[in-house]
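Heads up: the sequence lines are chains W, E, G and F, in that order. Taking the working numbering, the leading residue of the first sequence gets 1017, the next gets one more, and so forth. Taking the working numbering, the leading residue of the second sequence gets 1017, the next gets one more, and so forth. Taking the working numbering, the leading residue of the third sequence gets 1017, the next gets one more, and so forth. Taking the working numbering, the leading residue of the fourth sequence gets 1017, the next gets one more, and so forth. All C-beta atoms in this analysis are idealised placements derived from N, C-alpha and C, irrespective of residue type, glycine included. This structure is a prediction, so every number in the text was calculated from the model and none was measured.
Protein chains: 4
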Amino acid sequence: MALKFGMVGGGIGSYIGDHHYLGATMDNLAELAAGCFSRNPEKNRASAEKRLIKDMDRVYTSYQEMAEKESARPDGIDFVSILTPNNSHYEIAKCFIEHGISVMCDKPLANTIEQGEELVRLVEENNVQFGMTYTYTGFAAFRQGREMIKKGMIGDILYIRAEYPEDFGMNMVNDDGNLIETDAWRFDPKQVGASLATADIGTHAEQVIAQFTGLYIKRVIAKMDNYPKNLALDTNSTILLDFGGGISGEIWASIIASGHECGMKIYVIGTKGSLEWSNETPERLLYTPKGQPTQIYSSGTGRGYLEPVTRELARVASGHHEGYFETFANIYRSYMETMIAKKEGRDPGPFTYPNVKDGLHGIRFVQACVESNRNGNVWVDV
Amino acid sequence: MALKFGMVGGGIGSYIGDHHYLGATMDNLAELAAGCFSRNPEKNRASAEKRLIKDMDRVYTSYQEMAEKESARPDGIDFVSILTPNNSHYEIAKCFIEHGISVMCDKPLANTIEQGEELVRLVEENNVQFGMTYTYTGFAAFRQGREMIKKGMIGDILYIRAEYPEDFGMNMVNDDGNLIETDAWRFDPKQVGASLATADIGTHAEQVIAQFTGLYIKRVIAKMDNYPKNLALDTNSTILLDFGGGISGEIWASIIASGHECGMKIYVIGTKGSLEWSNETPERLLYTPKGQPTQIYSSGTGRGYLEPVTRELARVASGHHEGYFETFANIYRSYMETMIAKKEGRDPGPFTYPNVKDGLHGIRFVQACVESNRNGNVWVDV
Amino acid sequence: MALKFGMVGGGIGSYIGDHHYLGATMDNLAELAAGCFSRNPEKNRASAEKRLIKDMDRVYTSYQEMAEKESARPDGIDFVSILTPNNSHYEIAKCFIEHGISVMCDKPLANTIEQGEELVRLVEENNVQFGMTYTYTGFAAFRQGREMIKKGMIGDILYIRAEYPEDFGMNMVNDDGNLIETDAWRFDPKQVGASLATADIGTHAEQVIAQFTGLYIKRVIAKMDNYPKNLALDTNSTILLDFGGGISGEIWASIIASGHECGMKIYVIGTKGSLEWSNETPERLLYTPKGQPTQIYSSGTGRGYLEPVTRELARVASGHHEGYFETFANIYRSYMETMIAKKEGRDPGPFTYPNVKDGLHGIRFVQACVESNRNGNVWVDV
Amino acid sequence: MALKFGMVGGGIGSYIGDHHYLGATMDNLAELAAGCFSRNPEKNRASAEKRLIKDMDRVYTSYQEMAEKESARPDGIDFVSILTPNNSHYEIAKCFIEHGISVMCDKPLANTIEQGEELVRLVEENNVQFGMTYTYTGFAAFRQGREMIKKGMIGDILYIRAEYPEDFGMNMVNDDGNLIETDAWRFDPKQVGASLATADIGTHAEQVIAQFTGLYIKRVIAKMDNYPKNLALDTNSTILLDFGGGISGEIWASIIASGHECGMKIYVIGTKGSLEWSNETPERLLYTPKGQPTQIYSSGTGRGYLEPVTRELARVASGHHEGYFETFANIYRSYMETMIAKKEGRDPGPFTYPNVKDGLHGIRFVQACVESNRNGNVWVDV
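1) Beta-carbon within less than 6 angstroms of Thr1287(W)'s beta-carbon, same chain only, minus the 5 sequence neighbours each way: which residues are those?
2) Return the residues of the segment 1160–1176 of chain W that lie within a Cβ-Cβ distance of less than 8 angstroms from chain G, sorted by chain order.
3) Taking only three categories from DSSP, how would you classify Asn1044(E)?
4) Rounded to the nearest angstrom, what separates Thr1343(E) and Tyr1283(G) at their Cα positions?
5) Which first and last residues belong to the beta strand (DSSP E) in which Tyr1175(E) is found?
6) Quick one: what does DSSP say Phe1259(G) is sitting in, helix, strand or coil?
7) On the DSSP letters alone, give me the boundaries of the alpha helix (DSSP H) that Gly1147(E) sits inside.
8) In chain order, what residues of the segment 1289–1317 of chain W put their CB closer than 8 angstroms to some CB of chain G?
9) Is the segment 1032–1041 of chain G touching the segment 1373–1391 of chain E in the sense that three or more CB pairs, one from each, lie closer than 8 angstroms?
10) Do you know how far the Cα of Ile1217(G) is from the Cα of Asn1190(G)?
11) Determine the extent of the beta strand (DSSP E) in which Thr1304(F) is found, giving its start and end residues.
12) Can you check the segment 1049–1123 of chain G for any beta strand (DSSP E) of at least 3 residues that lies completely inside it and give the ranges in chain order?
13) Establish whether the CB of Tyr1321(E) and some CB of chain F are separated by less than 9 angstroms.
14) Please determine whether the Cβ atom of Ala1238(F) lies at a distance below 8 angstroms from any heavy atom of the ligand GTP.
15) Under DSSP, the beta strand (DSSP E) around Lys1020(G) begins and ends at which residues?
16) State buried or exposed for Glu1058(F), treating a residue as buried only when at least 16 other CB atoms are found within 10 Å of its CB.
17) Quick one: residues in its chain with C-beta nearer than 6 angstroms to the C-beta of Thr1354(G), no 5 flanking neighbours on either side, listed in chain order?
18) Between Ser1097(G) and chain E, is there a C-beta pair that is closer than 9 angstroms?
19) Which residues of the segment 1205–1219 of chain E have a Cβ closer than 9 angstroms to any Cβ of chain W? Give them in chain order.
20) Under a CB-based cut-off of 9 angstroms, is Val1075(G) close to chain C?
21) Excluding five sequence neighbours on each side, which residues of the same chain lie with their C-beta closer than 7 angstroms to the C-beta of Gly1185(E)?
22) Determine the burial state of Met1072(G): buried for a count of at least 16 other Cβ atoms within 10 Å of its Cβ, exposed for fewer.
23) Going along chain W in order, which residues have a C-beta closer than 9 angstroms to the C-beta of Asp1241(E)?
24) Go ahead and pull the three-state DSSP assignment for Ala1269(E).
25) Per DSSP, Lys1281(E) forms a beta bridge with which residues?
26) Helix, strand or coil for Gly1286(E), going by three-state DSSP, please let me know.
27) Is it buried or exposed, Pro1181(G), if we count other Cβ atoms within 10 angstroms and call 16 or more buried?
28) Excluding sequence positions up to five away, which residues of its chain have a Cβ less than 6 angstroms from the Cβ of Met1042(W)?
29) Taking Thr1317(G) as the reference, which of Ala1018(E), Tyr1031(E) and Gly1025(E) has the closest Cα?
30) For Thr1326(W) and Gln1223(W), which I take to be in contact (beta-carbon distance under 8 angstroms), what is that distance rounded to the nearest angstrom?
31) I'd like to know whether the C-beta atoms of Gln1160(E) and Leu1301(E) end up nearer to each other than 9 angstroms.
32) If you draw a straight line from the C-alpha of Pro1305(F) to the C-alpha of Leu1195(G), how long is it?
33) Rank Asn1102(W), Val1144(W) and Arg1331(W) by C-alpha distance to the C-alpha of Gln1207(W) and give the top, closest one.
34) Under the rule that 16 or more other beta-carbon atoms within 10 Å means buried, what is Pro1244(W), buried or exposed?
35) Please check if any C-beta of chain F sits within less than 9 angstroms of the C-beta of Thr1229(G).
36) As a quick exercise: from Thr1077(G), Ser1118(G), Ile1098(G) and Tyr1106(G), pick the residue whose alpha carbon is nearest that of Ser1087(G).
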């Protein structure tokens, strides 16, 4: 394999661990060489075995030790995947960066804007590569849209809408309209911070916009709602967007949207046409040249009309499906192809992925939304 | 026939005239008995002939004369349809109301809030029936949704989204991004007032919400955008909604939405489930009981699971389509069944239609949006 | 109005009568001048009044008298619509044709192939115009497909599939799997002939193919099934098609297809691409040039990319809907525009409609299917 | 891991190899312990390394040696995956079975009915477990349908339709309508046998029916078409089905279906309702109880209304997607859970997978179709 990587967190039994492991290894570009899955030595070792780590000396019970030892080895890992609880991302990422080890981090990047800014600075100073797994941005048809916008196929962007409706929040409410107790910790501001729906899924919408259009939100007006009423966190969030230059937009993020399971969707209007992509049919991209019939672009191998990167990313024939794991794998592959290209002094070509600055922008976005809502739904700069 | 009606405007060659004529006569409840189609006597007479008016003495060249003479006849018209240019609705409606004749009026109701309030007062004082043809509210599946909400099938309403994307504005822009001259008058604030997209189609969304849920918007934050840039009117409008009682929502109205032709859609979340209706498949209503599979309700005859009013309104077997004309006819039918029931001292049952107060609320809504946008996107009461 | 027409059958209370009346009058090309709605003089007169016939002398209690008197008048009707029970179409049509009056006939044309052949001969001999209202062939987007095939946009046709699933037959069966008695007459071979599903809806599919592609079925293998089991008629029919020249196809017609209400659909593969149209979204036509993205053609005014006839037929802006009544009106309009053009010595242009030969082909098709099924599912020529 | 497996064929660079490797290892139930990827020792070794085989002594250059040595080891593989060219499946499968090693085999099972029957016999005699990877039958929503039918939710089955349209054949034809030479070998009867579309994808439809409904086709009438005309193999196949007991159906398989990429779909009518599943949205199952609204069942975790096996198979939350790799993994998981349960003396519960008899039935089906077509489209027993 071209690369070696490590994992912090994500042992056997971890939902997110499986995603990242499959994502990193699916294309035979990297092999898991080191890990720190658990502080419990037994669990740690069991996870390492199942994740097929060959050398048990590279299974660590502290991430600090792992960063230290791996950075000291001539055959040390090329990058580490951080899959621990959200509030630990910052410290672990910082440690590996400072040891010169590149990072792939689950979202969010950090707990505060200050932490995020520090990581951006450290990444630059230490010249490491930092990726973030904003899932939806990895779909091949999604990347197709990005390339078409870059080529000017819809002209200048005028307006952007992104929505992310889910219904899992409804499962947490009993018939009296109160939180079901066993899940209450998931809705505790002390655990999840100042925002729930906006932070958890609104940020996906924010990054979907950034990765699809190349545009970053400049200021927001956010209206956050909570259900059940005795919950101190937003479960539904409607956000007016200003991108500057006369470009407006909207994000809607909801975890109480009965009838919608994971409806992440983006729609972009330009002067020459529009593009629409939805996670409900993630292999499809709707392209409407101004005044013409809508065209259904389909990702997958065997479609000559697609952009090079779309064809590169496709693993299965068009009509077959690549799902949640594969979009993780696409982000990993893009990250790793970039790393390999750099090693070999080549241009990485069309491969791209959300990076540490994207992670920082996500934190800023949530904070601006919280502030806008707190102050009566006024414009707040991101 | 049970009823006689008249038309002001809407002669042969008038797009909207055909809609209303077909709408009023489709169900054999009313016959066109009088009309004032044009100030030109020849055109007036020709239209009357084509619209099958039997008595040419009842074809008038002024609406004032029509109101006067029809109100004096023992067999005078039961109601008049007003289909003249928008800025004349108020004066014509006022005239007929004051002569004790009921009115069916194309939107908008009037030019100003004051005029609208006056009409509301006059309707009450003169004890006439006043309907407004907000098209989408007439679809049988739409009415099915209204009944299900009234019966509590989705519980207490939490959040409401309505969108109305169209693309016809794009046809008015040339390749340089400027208005095509021949259509320029359609985009002149002197002609159309202070708003274009919000007034023209945003009000449809506002009424769709009111007629579907029974809720009226209390205050708004509106962000209006214009394209092309040298246009002084909104072509795209994103509006945060507050219904009071902790219920939020959003309206998006756009006439530059390439890829969408007439995508009027409403989605309502309640504590026990959700409902979704879209003009793209207007015979379908999506109902999702909390935690259960989404169900596709289909209007049309032969569906025992539908509410009485939905079955009453259906003219064709389920699977067949009723379109734009038929939804007009549904509003007319509801208006006329109510009138007949009143005459006969019966309860009109489940028939309902947008009325003069709905028309007034539409004007208030547009004005609040314009003010919010002008003042930097702040909350403005409707 | 340009034309005068009469109706035989289709009085007030008649479902199909409303469709034809609306269809014939929607575009202000014809006026109902004569009628024979019922043998009961009172009912006849009441229907005439509601259908707005002006001259009560032209309301007849026998169709023979109507044919005689109308053909004798200098201002006699230009054509008659025949809306009586199926088994009377032949004799009534024959009578009017022999009096030199053109005919618009509801399907089926006649009871036997011999009768159909006679009508074809009589139409030619008497030089009258004969149309048949095969509903689905009237949709503007359907006609768009026809024009595109004629222009060669999908190349040479290779294969054709048409399906027409409905579920109304299921409503006639009780929980024990037996016919509900009150509807039993609808399923009596003496009433409906040798076939139910094939004759009732399979023929629609047959004509949809003919009008869309210009191809007529040469021979069939039909497999007919019946449910409930004690029913002597087909409720589900699967038919292999041979069009000659190496072109194959299939028709499936079912009245027991739970989950499908009126899913008439056609899909045609050619050497250069494919076309697909479905009554579920009748304003849409899916066009896939070989190897390219599928394009969604949308009928309605304002779409410059459409063929002339599609634009001509559209009454509402794209995105709005034209339903069951409007497709009837399109067939009527095409029939009447052809008649007017002939009168004026003009070419009717792209207007077209199913004619008497199409009606005959429909009878032949059903008979061939019945024979194929009876003989153990062998090829039978149409 | 619970199990050890080996691979014959499917080395690095093999499309199908990746699918099976991922499928077998995705759920951490098995580890690749042995392999015979290539006769070229270097390639063989490279593949073994990439596929993470730990012990290089278990990398063999002949499958015979592999069968022999692995069956002799106390820690030998529990099963072998056979991923070699189609015409070698029989001999390799036979070899492993005779050494008492269980098999997972890519379709088709064998080249002739006789070979298939022999394998069925050998499987029984040697008491091994034999699975076949008919891809589509692995989707969780597909399995949901199977369980609902078994529970009687649609009553007695009346009619079954399955279609599998693809368009890849069109890519092989140039503008003159001839085969593109470089692909000609793929269309050579000597290479692929007597059938192309029917054997390649029609058999998927046949198994989709068997696994969904539990019914096996008793006899067929097949009409096979070929395009381009100079091709000696079917590219489009329409097949009437008889399941006995008055149950009919149809299969359509096409590789020239422009506009369809991988539209495997099944629709089943029963006396109490219907079920519909399509690979175009593989997480969805449409269930229509007779006379009631259609319900959209969605697979994925978190849906309490699903059958146990559907919930078991789901790896991601509903709304997220599982694709082509995951459905392979579902078949592998079902196969392996059954194997583990057997080892542990437990009932495997609801896990199921296509087996050697299914493979044999697939061969019989293709042969019957070829014969029916050759003999002028007559009924031929399967």
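Looking at the atomic coordinates:
1) Only residues of its own chain outside the window of five on either side were considered, and among them Gly1171 and Asp1172 have a CB closer than 6 angstroms to the CB of Thr1287(W), listed in chain order.
2) Among the residues of the segment 1160–1176 of chain W, none has a Cβ less than 8 angstroms away from any Cβ of chain G.
3) Three-state result, Asn1044(E): coil.
4) Straight across, the Cα-Cα distance linking Thr1343(E) with Tyr1283(G) is about 30 angstroms.
5) It spans Ile1173 to Pro1181 - the beta strand (DSSP E) in which Tyr1175(E) sits, taken as one unbroken run.
6) Phe1259(G) sits in coil when the DSSP states are folded into three classes, being neither helix nor strand.
7) Taken as a continuous stretch (DSSP letters only), Gly1147(E) belongs to no alpha helix (DSSP H), being part of the beta strand (DSSP E) at Phe1146 to Met1148.
8) If the cut-off is 8 angstroms between Cβ atoms, the segment 1289–1317 of chain W has Tyr1303, Gly1307, Gln1308, Pro1309, Thr1310, Gln1311, Ile1312, Tyr1313 and Ser1314 near chain G.
9) Too few Cβ pairs lie closer than 8 angstroms, so no.
10) Taking C-alpha positions only, Asn1190(G) is separated from Ile1217(G) by approximately 23 angstroms.
11) Arg1300 to Pro1305 is the extent of the beta strand (DSSP E) around Thr1304(F).
12) Here the runs fully enclosed are 1095–1098 and 1118–1121.
13) Cβ-Cβ to chain F under 9 angstroms: yes for Tyr1321(E).
14) This structure simply doesn't include the ligand GTP, nor any ligand for that matter.
15) Start and end: Leu1019 to Val1024.
16) Its Cβ having fewer than 16 others within 10 Å, Glu1058(F) is exposed.
17) Pro1364 and Phe1367, listed in sequence order.
18) Interface criterion not met: the Cβ of Ser1097(G) is under 9 angstroms from no Cβ in chain E.
19) Taking 9 angstroms as the Cβ-Cβ cut-off against chain W, none of the residues of the segment 1205–1219 of chain E qualify.
20) Although the question refers to chain C, the structure presented lacks it and instead comprises the protein chains W, E, G and F.
21) Closer than 7 angstroms at the Cβ level, and outside the excluded window around Gly1185(E), lie Thr1251, Ile1271 and Ile1272.
22) The residue is exposed, with fewer than 16 neighbouring Cβ atoms inside 10 Å.
23) Residues of chain W passing the Cβ test: Leu1174, Tyr1175, Gly1262, Ile1263 and Ser1264.
24) Residue state, collapsed to three classes: strand.
25) For Lys1281(E), which the question treats as bridged, DSSP gives the partners Glu1179(E) and Ser1294(E).
26) It is a strand residue.
27) Per the 10 Å Cβ criterion, buried.
28) Ala1345.
29) Thr1317(G) has its Cα closest to that of Tyr1031(E), out of Ala1018(E), Tyr1031(E) and Gly1025(E).
30) Contact check for Thr1326(W) and Gln1223(W): beta-carbon distance about 19 angstroms, past the 8 angstroms limit, so the pair fails to qualify.
31) Yes; because the gap between Cβ atoms is below 9 angstroms, this pair is in contact.
32) Spanning the two alpha carbons is a distance of roughly 18 angstroms.
33) Of Asn1102(W), Val1144(W) and Arg1331(W), the residue nearest in Cα terms is Asn1102(W).
34) Around the beta carbon of Pro1244(W), 16 or more other beta carbons lie within 10 angstroms, which makes this residue buried.
35) Judged by the 9 angstroms Cβ criterion, Thr1229(G) is not in contact with chain F.
36) The candidate whose alpha carbon is nearest that of Ser1087(G) is Ser1118(G).
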